[in-house]
Every structure is written in structure tokens, then in C-alpha cells.
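Residues 1 to 111, numbered by UniProt numbering, are exactly what the sequence shown covers, in order.
What follows is one structure encoded as C-alpha cells, with my remarks underneath.
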Amino acid sequence: MYQLIYVSSAVMNFARPEFMELALHTGARNVKFGITGMLVFKDGSFMQVLEGNEEIIKTLYAKIEVDPRHTLVSVIHEGEISMREYGSWAMTYFNHDTEQYDHIAYPTQVL
1 MYQLIYVSSA VMNFARPEFM ELALHTGARN VKFGITGMLV FKDGSFMQVL
51 EGNEEIIKTL YAKIEVDPRH TLVSVIHEGE ISMREYGSWA MTYFNHDTEQ
101 YDHIAYPTQV L
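Below is the structure:
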């Protein structure tokens with residue numbers, strides 16, 4: 001099992017409808033390829049965790065790197081893991097730019 005975590009900066013505003021569309025598309029693709037993980041958006045930045053087969057994750061990340069919807073894509077962690085951290089979640093997602101998440105603190109060095 002392989003895990004890759006990256007951060008990036010959005011080049012456009014991802015309001016709730018745009019973010020939900022992205023998250024649903026991402027989740028559908030991940031089910032097809034056996035990928036689990038999490039996608040977070042906050043203050044114009046993304047953080048995504050991808051888990052699955054190493055070759056599939058690396059192929060997907062190569063596409064993510066050149067996606068025009070974001071820039072400054074940077075891997076913050078990658079490597080083997082003993083088991084999935086996100087179980088059966090094809091892609092859980094959080095848009096923390098909505099008021100319902102204002103009470104949650106995040107390490108500024110990540111997002």
C-alpha cells in the first residue's frame with residue numbers, strides 16, 4: 001500500500017458548487033482505480049491524501065501535477081504504509097472555506 005500527500009494553490013476560486021463537482025469527480029475516478037484518501041480546500045490551498053497501488057498513485061499524481069486548476073504542486077509525504085488510513089473512503093472531502101468549519105484550527109505550515 002502506497003500513500004502520497006501533496007499541497008497546491010488553486011488558480012481560481014473554488015466556491016462550494018465548484019469544489020463539490022471536483023470532489024465528486026475525484027471520488028468516482030478513485031473508486032474505479034481502488035484509491036482512497038481525502039481532499040481538503042482552505043484559503044485557496046488544496047491538500048490531498050492518496051492511498052492505493054504505488055504505480056496507480058504515481059500515474060495519477062503525474063496528471064495532477066499538470067492540472068491547470070492549481071499551481072505550486074508539492075509532495076509533502078510519500079511512501080509505503082502498512083494499511084489504509086481512509087478505509088473505504090474513495091475520497092472524503094472538506095471545503096474549509098465554508099463557515100461550518102471556522103472553528104477548526106489547522107497547522108499553517110500545511111494549509
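We put the beta carbon where it would ideally sit given N, CA and C, even for glycine.
Model, not experiment: these values are computed from the prediction.
Using the DSSP secondary-structure output, state which residues sit across from M61 in a beta bridge. According to the sequence as given, residue 61 is Tyr; it is not Met. Looking at the DSSP output, Y61 shares a beta bridge with no other residue.
Leaving out the 5 sequence neighbours to the left and right, which residues in its chain are closer than 6 Å to I57 when beta-carbon positions are compared? Y2, L4 and L50
Expressed to the nearest angstrom, what Euclidean distance is found between the alpha-carbon atoms of T36 and T26? One C-alpha to the other measures close to 10 Å.
Can you list, in chain order, the residues of its chain with a C-beta nearer than 8 Å to that of E99? Leave out the 5 residues immediately preceding and following it. With a pLDDT of 46 at E99, under the threshold of 50, the predicted position of this residue should be treated as unreliable, and no value is reported.
Between which two residues does the beta strand (DSSP E) carrying I76 extend? First-last of the beta strand (DSSP E) with I76: H70 to E80.
Sorted by chain position, which residues of the same chain lie with C-beta nearer than 6 Å to residue 115's C-beta, five sequence neighbours on each side aside? Residue 115 is absent from the model: the chain starts at 1 and stops at 111.
Taking 6 Å as the limit between beta carbons, can you name the residues of its chain near R29, skipping five residues before and five after? Excluding positions up to five away in sequence, the list is empty.
Please list the terminal residues of the continuous beta strand (DSSP E) segment that includes E51. Counting along the chain, the beta strand (DSSP E) containing E51 begins and ends at S45 to G52.
Rounded C-alpha distance that separates S74 from E18: 22 Å
With distances taken from CA atoms, which of V31, T59, S8 and F41 is nearest M20? Across the set V31, T59, S8 and F41, the C-alpha of F41 shows the shortest separation from the C-alpha of M20.
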